[in-house]
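Residues 124 to 466 in our numbering are what the sequence shown lists, from first letter to last.
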Amino acid sequence: MSSSFRSEGIVAQQNENTYWFKNDFKGEQVSIGRRVTEVLKMRSIFAAFALCFSFMLLSPTPNGAAENEYASPKKPDSHFTIVSNAKKPTSDEIQRYLEQTWQTFHDVFDVEPAAVNVIISVTSGAGAPSPPSGQERRAGTLQRQMPWSIKEGEALSSQRFSDLSHEITHIYFIDYMEDKGRMHQDHAWLHEAVSCYSEQDSSRKIRKQWARDHINDRTPFEQFFTMKNPLKESPLVELTVKLTEKLNRREITATEMTQQIASMAAVQSAEQSQERIRHLTYYAQSLSVFEFLLKTEGKEFIRTMSQQLKNGKSMVEIIRGLKSYPQGIPQFEGAWVAWVQVG
Ligand SMILES: [Zn+2]
């Protein structure tokens, strides 16, 4: 293994903790040595690990304004407003990139997701976030906002932008499921699956491989379909919830928020490695079950299933209603395992 490959692995591992500034921490903060092989294996998927906090970034929308906007977008050609202090990529380039994210959701669910305001702040090479810009507080008054940080010159093909697609898709699916305020913990697996599905091909491939490698660590389906997202118990996520409330009250800027989260993330160590593996397996399983259903039952089924779940039907009932699985969940789980193993 070349040392550059190794250090990339460490940086990626660090990123899973520090997700805002993945390239700003070098290997010296982490003890290299043990678990190098495992780290190398996981390097990409750790980078692919988005923290899924966008459920908190929906500002309150009084008088059903969100529903109205959702039903009839005024500007169908512009699904994003970008506020960014990055020179490269330009706001136009970011907008064009994000249109694919909008399109992916539109294709699967046949709806027109609402416009999202994306507030991009650039982190400097030394890891210090750029000073808050005056635009952020004004931007904070918009309904659907997504604060995000990138490096100057960050490639649109990078993990950072793949993660952004993931988080924005959470906003779309929360709207679709009318899940506002419930932190998308109802049918958590499906929220993560849909978001992972919007990630770039390279990320989805890694998750697919992860699902195959960890097939024996899967959560049994009856539990899987009703469980909460295990990641949401993380202290980092709790902090993010608190800060988002402050952001929505306009007590802090998006940049201050990312800065505080990064500080906390930086002191967390790789000790919770086992826990992270469990989280990654949960995400990989979610995406894989979704892709299996999409492939074998089709988009129409996905839409109907989502509506049925929204209306209180359980996955146990839904699966039992499918022609292919008269014996219900155990039979479905068996078919999925076989499909994953074939690849
Ligand atoms: Zn997520």
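Note that the Cβ used here is the ideal one computed from N, Cα and C, for glycine as well.
CB of residue i within 9 Å of CB of residue j, strictly
i    : j    : result
E315 : N339 : no
R326 : F228 : One detail in the question is off: residue 326 reads as Ser in this sequence, not Arg. No, the pair does not count as a contact, with Cβ atoms beyond the cut-off.
A337 : L403 : At residue 337 the sequence reads His, which differs from the Ala that was named. In this structure, L403 lies closer than 9 Å to H337 by Cβ.
S269 : I242 : Here residue 269 turns out to be Met, not Ser, going by the sequence shown. Going by C-beta atoms, M269 is nearer than 9 Å to I242.
V231 : L417 : yes
E277 : A209 : yes
I294 : A377 : no
R267 : V239 : yes
S429 : C319 : no
M380 : L359 : no
A389 : W333 : no
Y405 : T363 : no
F344 : F415 : no
E290 : W312 : no
T367 : T292 : no
G435 : R443 : no
Y299 : V234 : yes
F348 : V439 : yes
S288 : L370 : no
I217 : F284 : yes
A458 : T427 : no
Buried versus exposed, by CB contacts within 10 Å (16 or more), residue i
i    : result
V412 : buried
M350 : exposed
P213 : What sits at residue 213 in the sequence shown is Thr, not Pro. Classification of T213: exposed, given that the 10 Å Cβ count is below 16.
G465 : A small correction: the amino acid at residue 465 is Val; Gly does not occupy that position in the sequence shown. Exposed.
K365 : exposed
K422 : exposed
R373 : exposed
R399 : buried
D286 : buried
K274 : buried
S280 : exposed
A461 : exposed
S182 : Any reading at S182 is ruled out, since the residue's pLDDT is 38, under 50, leaving its predicted position unreliable.
Q282 : buried
S447 : exposed
Q346 : exposed
Q382 : buried
S201 : exposed
D302 : buried
Extent of the continuous alpha helix (DSSP H) run through residue i
i    : result
I452 : I452 to V465
N371 : P358 to N371
I425 : K422 to K433
T292 : Q282 to M300
S318 : A311 to Y320
F469 : In this structure the chain extends from 124 to 466, so residue 469 is not present and cannot be described.
V439 : M438 to R443
A334 : D324 to D336
Element boundaries [beta strand (DSSP E), containing residue i]
i    : result
K274 : Q268 to K274
I205 : F203 to S207
T213 : Neither: T213 is in no beta strand (DSSP E) and is coded neither H nor E.
I243 : V239 to T246
Residue-chain proximity (residue i, chain B), Cβ-Cβ < 9 Å
i    : result
K422 : Going by chain labels, chain B is absent from the structure shown, which holds only one protein chain.
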